[in-house]
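Protein chains in written order, with this note's numbering: chain A, 239 to 367; chain B, 67 to 428. Single-structure report; data block below.
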């Protein structure tokens, strides 16, 4: 189930917003497509990002893929646990497998740029066929 | 596009088993079922079964069969005896690989050559063209065979109850023929994983039943992803990645298959020069010093100058670190030498290490 309390980018990141902070990770669909994640490269706290900026990279056994900022903001926290346990991205993408928290630059971007869970599910359905 | 993909006889079973199917050189094959790490682990500790039916098979028969193979390969085919197999390079006159192959000797004038899927037509034409005027019959018999690779320490225990071929006496790189699940088969103790195991060749229609029985007996269905991590840990070359028409066996660190004393053969003068003077570059194993994974095609640099290239790279599930193979200038190939690889533009350190990365305990 795609969580309805988050918003989704076409590049398969989610953002879960609470107040002015958004938690970013990759979706269940994305982790399945990637396969076993073995290494996640994340930005420094304090990095300023605009929507669509490259935020880091995710290495699975078979491929590498980039992680993009779904909306703009400043990185306030990165998930240090992923250094030791990158597999959390596979086992719990919406929970312990989160990657970055950002302080939103412009909260209106969330609704303007991103998809709802329902829209994302439809998007994935069409993309995968 | 998708409907143009070739399918092996196991395609339907692979879908049913939940294989994540990909386009692999024009073949629809599973990259994984449950996950690469899990499948890799199964082969290292128990057993896994791979569909390798896309591999090509070519028969070379007749009074001049040996001569044809000797002239076009670098290993010494006269050293084979009946029931033995060796790894060999089919070479162009410039010493580059047409393909890397296995040769099975059925008899002094009867050989079974196993080739890479995407090279099958090219290899067949190369051998057939070079057979002009020789009393030898070259046939592409790929469509007659499905191939299953049953790999891992439990392989013999799983396969023995299914076959009348006595497996224990078959040593590494030897084969026998008999029945597997009641149908004629070639069974060889070979593989591409660095583990003990067998490759089984049967008529296509029997392959799904036999694969299912192997799974029922404890083998894990494995995909191309695990096949790649396993072969790279064992430092077995992958055509198209580590070797191709531009690389020689000497450069590819495969000097052990170059037998200059066997007489003349295609590419011999180039290999002799490289053996005496040293090749300008050589394939070396490396591990990452900095974090990251250096993958196929990433440049190796010295300052602004590109001095080499990564040919294979992955996360090694057994060693739990990033490993790979790279062509490097000869003076940078000694174990311990550090070099810089650009990972998506970022300078990242790696270190040459001895190969193979992984060797099974005997």
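Quick reminder that beta carbons are idealized off the backbone N, C-alpha and C, glycines included.
Item	Value
Using a Cβ distance threshold of 8 Å, determine whether the stretch 401-419 of chain B contacts the stretch 346-366 of chain B, with at least three qualifying pairs required.	yes
Excluding five sequence neighbours on each side, which residues of the same chain lie with their C-beta closer than 7 Å to the C-beta of residue 135 (chain B)?	126, 143, 169, 177
Would you list, in sequence order, the uninterrupted alpha helix (DSSP H) runs of no fewer than 4 residues that lie entirely inside the stretch 194-238 of chain B?	221-225
Below 9 Å between beta carbons is the criterion; list the residues of the stretch 361-380 of chain B that meet it against any residue of chain A, in chain order.	361, 380
Examine the Cβ distances between the stretch 102-118 of chain B and the stretch 370-388 of chain B and report whether three or more of them are shorter than 8 Å.	yes
Is residue 250 (chain A) buried or exposed, if buried means 16 or more other CB atoms sit within 10 Å of its CB?	buried
Since I believe residue 310 (chain A) is in contact with residue 343 (chain A) (beta carbons under 8 Å), could you give me their beta-carbon distance rounded to a whole number of angstroms?	4 Å
Roughly how many whole angstroms lie between the Cα atoms of residue 280 (chain B) and residue 288 (chain A)?	53 Å
Can you tell which of B:330, B:88, B:259 has the C-alpha that lies nearest to the C-alpha of residue 217 (chain B)?	B:259
Would residue 274 (chain B) be called buried (16 or more neighbouring beta carbons within 10 Å of its own) or exposed?	buried
So what does residue 90 (chain B) bridge to, in DSSP terms?	B:93
Would you mind sorting residue 322 (chain B) into buried or exposed? The rule is 16 or more other CB atoms within 10 Å of its CB.	exposed
DSSP on residue 320 (chain B), reduced to helix/strand/coil?	coil
State buried or exposed for residue 81 (chain B), treating a residue as buried only when at least 16 other CB atoms are found within 10 Å of its CB.	exposed
Excluding the 5 residues preceding and the 5 following residue 271 (chain A) in the sequence, name in chain order all residues of the same chain whose CB lies nearer than 7 Å to its CB.	none
Relative to the alpha-carbon of residue 330 (chain A), which residue among A:275, A:248, A:339 has its alpha-carbon at the smallest distance?	A:275
Taking only beta-carbon positions, decide if residue 67 (chain B) is within less than 7 Å of chain A.	Reliability fails at residue 67 (chain B), whose pLDDT of 46 lies under 50, so the model's placement of it is uncertain and the value that follows must be treated cautiously. No, residue 67 (chain B) does not count as interfacial toward chain A.
Starting from the C-beta of residue 228 (chain B), find all residues in its chain whose C-beta is less than 8 Å away, skip the five residues before and the five after it, and write them out in chain order.	246, 247, 276, 279, 280, 283
Considering only residues of the stretch 280-331 of chain B, which uninterrupted beta strand (DSSP E) runs meet the minimum length of 3 residues and lie entirely inside it, listed in chain order?	286-288
Which chain A residues are close to residue 295 (chain B), counting only those with a beta carbon under 7 Å from its beta carbon?	299
Does the beta carbon of residue 103 (chain B) sit closer than 7 Å to a beta carbon anywhere in chain A?	yes
Just to confirm, are residue 243 (chain B) and residue 208 (chain B) a CB contact at a threshold of 7 Å?	no
Skipping 5 residues on each side, what residues in its chain have a beta carbon closer than 6 Å to that of residue 316 (chain A)?	280, 338
Helix, strand or coil, according to DSSP, for residue 359 (chain A) in the structure here?	helix
Can you list, in chain order, the residues of the stretch 250-280 of chain A whose Cβ is nearer than 8 Å to any Cβ on chain B?	273, 274, 276, 277, 279
Can you give the Cα-Cα distance for residue 398 (chain B) and residue 351 (chain B), rounded to whole angstroms?	11 Å
Report the residues of the stretch 207-240 of chain B with a CB closer than 9 Å to any CB of chain A, ordered along the chain.	none
Could you tell me how far apart the beta carbons of residue 354 (chain A) and residue 245 (chain A) are, in whole angstroms, since I believe they sit closer than 8 Å?	7 Å
Helix, strand or coil: how does DSSP classify residue 190 (chain B) here?	helix
Which residue spans inside the stretch 263-292 of chain A form an unbroken alpha helix (DSSP H) run of at least 4?	266-272
If contact means a Cβ-Cβ distance below 7 Å, which residues of the stretch 288-316 of chain B contact chain A?	291, 295
In whole angstroms, what is the alpha-carbon distance linking residue 164 (chain B) and residue 314 (chain B)?	10 Å
Helix, strand or coil, according to DSSP, for residue 261 (chain B) in the structure here?	coil
So what's residue 147 (chain B) in DSSP terms, helix, strand or just coil?	coil
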